[in-house]
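These notes concern the structure reproduced below.
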């Protein structure tokens, strides 16, 4: 007998709904109400994880579940990635808020390059077969991205100094930086468990909160 599928925990469900703004995650849809869907089917993963859950309206959910439908796995993963405010595209400008908006856009752009670069370095440093030159090249690339992020965070905090967004941006940065320090300080090869930490997922809730604060203060 097949194992009974457990319900998605309420807190996890809340995170998925907030991430999508309680609307369908398909950009051309945005309908309500929504359901919680698995990106990789439950039958294959047998667990509920935030990175594999997405909010879809019943129609889009049915279209995605149809193996011959127009929505594929690759597209759904991209829709999920687009929901992370710090790892997705740009916002539109708004008169009177240019400096504040510009620093937020720069912060997002830098995070979108920094986190993947650090993840590649960590993955290479965890493999015994990795060549030292390869690991060092990836570390150098990550350090360059890190320098850009440091500047972006400083600029953001300077412009948003009267907002709670200032401290939240710093907390997000230091959460990722603490992991990176551990990766850099660990001897080669680093533990697989350390390399496989999904920092993008770990900061997703806080980055969504930051996005909401920014949008509210900019009246977007």
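In the numbering used here, the protein residues as written are -5 to 214. All residues carry an ideal CB built from backbone N, CA and C; glycine is no exception.
* Asked: Going along the chain, which residues of its own chain have a beta-carbon closer than 6 Å to the beta-carbon of residue 89, five neighbours each way excluded?
  -> With a pLDDT of only 45 at residue 89, under the threshold of 50, the placement of this residue in the model should not be trusted; the figure read from the coordinates follows. Once the five neighbours on either side are set aside, residue 89 has no close Cβ partner at all.
* Asked: Do residue 91 and residue 212 have their C-beta atoms within less than 9 Å of each other?
  -> yes
* To do: Please work out which residues of its chain come closer than 7 Å, Cβ to Cβ, to residue 128, disregarding the five sequence neighbours upstream and downstream, and give them in chain order.
  => 118
* To do: With DSSP collapsed to three states, give me the class of residue 174.
  => helix
* **Where the beta strand (DSSP E) containing residue 130 begins and where it ends** => Careful: residue 130 lies outside any beta strand (DSSP E), inside the alpha helix (DSSP H) at 126 to 153.
* Do you know how far the Cα of residue 112 is from the Cα of residue 174? -> Roughly 7 Å between the two C-alpha positions.
* **Per-residue burial, residue 76 [other beta carbons within 10 Å of its own, 16 or more giving buried]** => Its Cβ having fewer than 16 others within 10 Å, residue 76 is exposed.
* Who pairs with residue 32 in a beta bridge, going by DSSP? -> 47
* **Status (buried if at least 16 other CB within 10 Å, exposed otherwise) for residue 83** => Low local confidence applies: a pLDDT of 49 at residue 83 is under 50, so the model's placement there is unreliable, and no value is given.
* Using the C-alpha atoms, what's the distance from residue 57 back to residue 25? -> 14 Å
* Asked: Which value, in whole angstroms, describes the spacing of the CA atoms of residue 85 and residue -2?
  -> Residue placement at residue 85 is flagged as unreliable, the pLDDT there being 49, under the threshold of 50; a coordinate-derived value is accordingly withheld.
* Asked: From residue 13 to residue 41, what does the alpha carbon distance come to, in whole angstroms?
  -> 19 Å
* To do: Below 7 Å CB to CB, which residues in the same chain sit around residue 71 once its five sequence neighbours on both sides are set aside?
  => 33
* To do: May I ask you to report which of helix, strand or coil DSSP gives residue 181?
  => coil
* Give the single residue among 114, 163, 155, 146 whose Cα lies nearest to the Cα of residue 104. => For residue 104, the closest C-alpha among the options 114, 163, 155, 146 is that of 146.
* Taking all protein chains shown into account, decide if residue 69 is buried (16 or more other Cβ within 10 angstroms of its Cβ) or exposed. => exposed
* residue -2 (DSSP reduced to helix, strand or coil) -> DSSP places residue -2 in coil when its eight states are reduced to three.
* **Simplified DSSP assignment, three categories, for residue 193** => Here DSSP, grouped into helix, strand and coil, assigns residue 193 to helix.
* **Where the alpha helix (DSSP H) containing residue 60 begins and where it ends** => Residue 60 -> no alpha helix (DSSP H), and no H or E assigned at all.
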